[in-house]
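Residue numbers (the working numbering), protein chains in the order written: chain H, 4 to 139; chain P, 15 to 424; chain L, 68 to 234.
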Amino acid sequence: MNQRRITGRPLHATLDLLDRQLRDRNGVLCGNVDDLELTRDDETGQIYVTAILAGSGALAYRLGGRRLGRWLHEADRRLHEGRRNHGRIPMELTTSIGPAIDLAIDAHDQSTHDLERWTRVHVIDHIPGGSHRAGK
Amino acid sequence: MKKVLGVALGILTAIGGFVDMGDLVANAETGARFDMNLAWVVVVGVIGIVVYAEMSGRVAALCGRPVFDLVRERLGARFGLANLAASFFINSLTLTAELAGVALALSLLTSVNYLFLIPGVALLVWLVCWRMPFETMERIFGLLGLCLVVFAVAVWKIGPDWSELLSDTAHPHVPATDNGFTYAYYGIGLFGAAMTPYEVFFFSSGAVEDGWTAKDLGVNKANVLIGFPLGALLSLAIMTSAHFVLAPRDISVDQLSQMALPVASVLGRVGLAVVLIGIFAATFGAALETALSAGYVMAQYFGWPWGKAHAPREATRFHAVVLLAIIGAAVFGMSGVDPVQVTEYSIVLSAAALPLTYFPILVIANDRNYMGDEHVNGRFVNAIASVYLVILVLVALATIPLIIITKGGQ
Amino acid sequence: MLPFVRPASGVWAAPMLIRGRLAVLGAAVVLLVGCTTHRVGPARTYDDFERKARTTAEDSLSAVETVRLLAEVSASGDAFGPYLSVSVSEQEDTLAGIEGDFASIQPPGPRSDALRDELTPILDAASTHVADVRVAIRRGNLRAADSVAAPLSADADALRTFLEQLG
Chain H
4 MNQRRITGRP LHATLDLLDR QLRDRNGVLC GNVDDLELTR DDETGQIYVT AILAGSGALA
64 YRLGGRRLGR WLHEADRRLH EGRRNHGRIP MELTTSIGPA IDLAIDAHDQ STHDLERWTR
124 VHVIDHIPGG SHRAGK
Chain P
15 MKKVLGVALG ILTAIGGFVD MGDLVANAET GARFDMNLAW VVVVGVIGIV VYAEMSGRVA
75 ALCGRPVFDL VRERLGARFG LANLAASFFI NSLTLTAELA GVALALSLLT SVNYLFLIPG
135 VALLVWLVCW RMPFETMERI FGLLGLCLVV FAVAVWKIGP DWSELLSDTA HPHVPATDNG
195 FTYAYYGIGL FGAAMTPYEV FFFSSGAVED GWTAKDLGVN KANVLIGFPL GALLSLAIMT
255 SAHFVLAPRD ISVDQLSQMA LPVASVLGRV GLAVVLIGIF AATFGAALET ALSAGYVMAQ
315 YFGWPWGKAH APREATRFHA VVLLAIIGAA VFGMSGVDPV QVTEYSIVLS AAALPLTYFP
375 ILVIANDRNY MGDEHVNGRF VNAIASVYLV ILVLVALATI PLIIITKGGQ
Chain L
68 MLPFVRPASG VWAAPMLIRG RLAVLGAAVV LLVGCTTHRV GPARTYDDFE RKARTTAEDS
128 LSAVETVRLL AEVSASGDAF GPYLSVSVSE QEDTLAGIEG DFASIQPPGP RSDALRDELT
188 PILDAASTHV ADVRVAIRRG NLRAADSVAA PLSADADALR TFLEQLG
């Protein structure tokens with residue numbers, strides 16, 4: 004029998020979590036909360052939010068574009084086979100929940116950053132001056 | 015002393031930045047066709063933008079997030095997406111209009127065909143967004159935009175009967191030669207030009223990038239309460255100059271060159287040179303703001319890193335969107351589409367989309383979770399803002415039918 | 068699923084969000100087309116034709132008066148070459164477009180023919196005179212522009228008379 008009990012803080016899932024800005028451990032913006040994974044505790048019947056879903060087709064799926072969402076998810080899985088979590092961030096990794104949600108992960112490992120990396124490699128890096136901050 | 019200068023600079027920039035291609039087109043066209051009978055719309059519009067810009071600046075200072083960023087989380091992903099689609103589309107039309115405006119102003123100074131100038135203008139706009147010291151450029155163009163004051167100088171030189179002018183302005187009517195529908199159509203365009211959405215996106219994103227906090231709320235109010243109204247006076251000067259010089263000759267405005275004609279006729283070469291420089295600067299500044307706004311709304315909806323303060327490597331999708339928006343607008347502009355017509359469509363459609371832009375601002379500015387108890391909207395502000403929201407919805411509903419009835423303002 | 072109810076197909080089967088996006092896209096296309104095509108269409112009745120003749124005359128009057136004002140400004144030294152030459156060329160092109168659009172409208176009947184026969188020569192004359200101004204300005208004869216533009220005053224009067232006639 005599964006001995007691990009789930010504990011949690013009561014939150015209003017749609018108001019406090021959904022569509023919130025995500026930030027990584029360095030403050031880098033890494034997407035929004037596109038969807039939430041809910042798990043029912045077998046013993047108590049309570050529903051807990053067990054993971055944040057961001058990127059990898061989650062938003063498309065939630066907004067009704069199911070096929071598009073599934074396609075994006077599949078594409079992510081096939082392109083990044085070595086990755087452990089495709090758009091799924093376990094709640095244990097959230098360090099603070101407020102106007103933005105801080106995560107104890109690195110943005111660059113997340114699926115939400117794939118397009119960012121692709122754009123950098125294929126577009127931005129081909130244009131000179133990309134590492135320079137447009138100063139004041 | 016330095017603080018005073020900073021505030022003054024901000025106000026001046028707001029004035030110079032208030033007038034863009036949309037305002038030029040809207041005010042010159044209505045002045046030529048309807049005399050001063052639509053001036054009241056400018057007054058109504060400026061009150062609206064003052065109230066809402068102050069709110070969005072307040073939101074940015076207190077939450078550290080621009081308003082559009084908060085739309086998705088406060089109003090839902092679906093509404094946010096509809097808002098994004100509409101805003102982005104209209105923004106792109108506006109960007110095309112601004113790029114064309116810069117090219118046209120340059121063309122009138124150099125006699126090179128404006129179509130050939132668009133690529134160069136687009137490149138310059140992009141370079142500033144990509145890498146040049148943004149604040150400095152904005153200040154320069156904002157101040158150069160003040161050259162448009164020459165419209166006011168021209169009106170003063172004409173030496174009109176001021177009491178008659180004020181009386182005409184205060185007693186608007188639909189002229190006998192036109193019908194109520196075209197009057198309403200031009201009024202809506204003028205209103206859309208006064209309350210253009212991209213200004214709010216840019217203003218609040220810029221406030222966040224500048225690191226505004228609660229301490230800056232006073233500066234925010236000053237900028238907004240002084241800058242925008244003075245900018246509106248500039249708009250009215252454009253309208254008045256067209257009314258005095260173009261209307262009596264039955265000239266209707268459909269080219270940028272005609273908008274500058276009153277100044278040339280009254281103030282000569284010097285006035286003409288100054289006004290063309292002013293138009294160049296004002297539309298260039300507006301092009302910068304619109305291009306960045308394209309990036310802001312897209313990145314803020316999807317949660318990507320954003321900001322001109324970031325090096326492009328650190329906000330790649332944001333910068334890619336800005337680049338693509340500029341390229342797309344330039345290509346569309348070069349396709350031979352009439353820039354004044356594009357501008358007309360952009361301001362009229364802006365009017366149709368105003369509720370989408372401003373409704374979230376009102377909601378968030380009233381939300382104690384975001385604003386804190388102290389700075390949430392007071393009853394007075396809420397009263398005005400709510401009245402305006404009703405006006406915006408009515409305007410939005412009337413827009414598409416009016417476009418069809420008047421066949422695009424004929 | 069009910070066995071004898073055919074599921075919706077094509078666009079209507081798409082979920083609301085996609086339909087919404089298609090609507091926006093459709094609206095966008097409609098408006099873009101509106102921005103790029105001419106505003107004049109066919110005329111089926113005399114009233115229709117008369118309306119188009121009126122618009123043609125009004126727009127031409129605006130172009131003619133603009134060129135007259137530009138010539139005035141040019142002669143008094145109140146503007147410079149590039150501005151004048153680009154502005155006059157713009158009005159010349161506008162006038163050519165107006166003329167071409169009007170010429171391409173099929174007059175629905177003899178009453179419209181009369182209207183057409185009256186307006187067309189005025190437009191032709193105006194075009195020629197505007198071209199003369201353009202030639203002078205491009206050559207740098209800025210001071211002489213208003214005398215070159217003198218015939219345009221008669222063209223403007225003719226257009227005004229035409230419009231008054233229409234009532």
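A virtual CB, placed ideally from N, CA and C, is assigned to each residue, including glycine.
Proximity below 8 Å, CB of residue i to CB of residue j
i	j	result
residue 218/P	residue 81/P	yes
residue 33/P	residue 305/P	no
residue 14/P	residue 347/P	Examination of residue 14/P is not possible in this model, given that chain P is present from 15 through 424 alone.
residue 200/P	residue 47/P	yes
residue 55/H	residue 92/H	yes
residue 116/L	residue 172/L	yes
residue 101/P	residue 286/P	no
residue 52/H	residue 41/H	yes
residue 202/L	residue 138/L	no
residue 10/P	residue 73/P	With chain P represented from 15 up to 424, any question about residue 10/P goes unanswered, as that position is not in the structure.
residue 57/H	residue 85/H	no
residue 325/P	residue 111/H	no
Burial state of residue i (16 or more Cβ within 10 Å)
i	result
residue 144/P	buried
residue 394/P	exposed
residue 363/P	buried
residue 129/H	exposed
residue 73/L	Interpretation of residue 73/L is limited by its pLDDT of 38, a score under 50 that renders its predicted location unreliable; the figure taken from the coordinates is listed afterwards. Residue 73/L should be labelled exposed.
residue 169/L	buried
residue 108/P	buried
residue 415/P	exposed
residue 71/P	buried
residue 87/P	buried
residue 217/L	exposed
residue 408/P	exposed
residue 105/L	Because the pLDDT at residue 105/L is just 48, under 50, the model does not fix this residue reliably, and the value given afterwards should be weighed accordingly. Flag for residue 105/L reads exposed.
residue 176/P	exposed
residue 141/H	What is shown of chain H runs 4 to 139, which leaves residue 141/H out entirely.
residue 173/P	exposed
residue 191/P	exposed
residue 116/H	buried
residue 119/L	buried
residue 125/H	exposed
residue 102/L	For residue 102/L, the predicted model reports a pLDDT of 48, less than 50, meaning its position is unreliable; a value from the coordinates is still stated below. Buried, because 16 or more other Cβ atoms sit within 10 Å of the Cβ of residue 102/L.
CB-CB length for residue i against residue j, believed under 8 Å
i	j	result
residue 198/L	residue 222/L	With 8 Å as the limit, residue 198/L and residue 222/L do not qualify as a contact, their Cβ atoms being about 12 Å apart.
residue 159/L	residue 190/L	12 Å between Cβ atoms; not a contact.
residue 35/H	residue 317/P	4 Å
residue 79/P	residue 238/P	19 Å between Cβ atoms; not a contact.
residue 344/P	residue 113/P	6 Å
residue 301/P	residue 332/P	Not a contact, Cβ separation roughly 17 Å.
residue 276/P	residue 259/P	4 Å
residue 296/P	residue 406/P	Actually they do not touch by this definition, with Cβ atoms about 25 Å apart.
residue 290/P	residue 122/P	6 Å
residue 127/H	residue 330/P	5 Å
residue 279/P	residue 213/L	The pair is not a contact, with the Cβ atoms about 13 Å apart (cut-off 8 Å).
residue 65/H	residue 91/P	7 Å
residue 121/L	residue 233/L	6 Å
Listed by chain order, chain A residues near residue i by CB distance under 7 Å
i	result
residue 264/P	Structure shown: chain A not included; protein chains present are H, P and L.
Pairing CB atoms from the segment 313-324 of chain P with CB atoms from the segment 182-193 of chain P, are three or more of them under 8 Å?
no
Does the contact criterion of 3 or more C-beta pairs under 8 Å hold for the segment 194-207 of chain P versus the segment 357-374 of chain P?
yes
Cβ contact check for the segment 35-48 of chain P and the segment 269-278 of chain P: 3 or more pairs under 8 Å:
yes
Quick check: the segment 55-72 of chain P against the segment 242-256 of chain P, are at least 3 beta-carbon pairs closer than 8 Å?
yes
Check distances from the C-beta atoms of the segment 183-197 of chain L to those of chain P and list, in chain order, the residues that come in under 9 Å.
none
Compile a chain-ordered list of the residues in the segment 79-95 of chain H whose CB is closer than 8 Å to at least one CB of chain P.
none
Are at least three pairs of beta-carbons, each pair with one atom in the segment 157-167 of chain P and one in the segment 175-191 of chain L, less than 8 Å apart?
no
Examine the Cβ distances between the segment 209-220 of chain L and the segment 141-161 of chain L and report whether three or more of them are shorter than 8 Å.
yes
When you check each C-beta in the segment 104-131 of chain P against every C-beta of chain L, which residues fall closer than 9 Å?
107, 118, 121, 122, 123, 124, 125, 126, 127 and 128
Looking at C-beta atoms only, is the number of pairs between the segment 333-347 of chain P and the segment 51-60 of chain P that lie closer than 8 Å three or more?
no
Contact list for the segment 146-179 of chain L against chain P, Cβ threshold 8 Å:
146, 147, 148, 149, 150, 152, 153, 154, 157, 158 and 161
With a threshold of 8 Å, are at least 3 pairs of Cβ atoms found where one atom belongs to the segment 159-176 of chain P and the other to the segment 248-265 of chain P?
yes
Taking beta-carbon pairs under 9 Å, can you tell me which members of the segment 26-54 of chain H lie near chain P?
31, 32, 33, 34, 35, 36 and 37
Residues in the segment 326-347 of chain P having any Cβ partner in chain H nearer than 7 Å:
326, 327, 330, 331, 333 and 334
Anything in the segment 84-99 of chain P with a Cβ closer than 8 Å to a Cβ of chain H? List those residues in chain order, please.
86, 87, 90, 91, 92, 94 and 95
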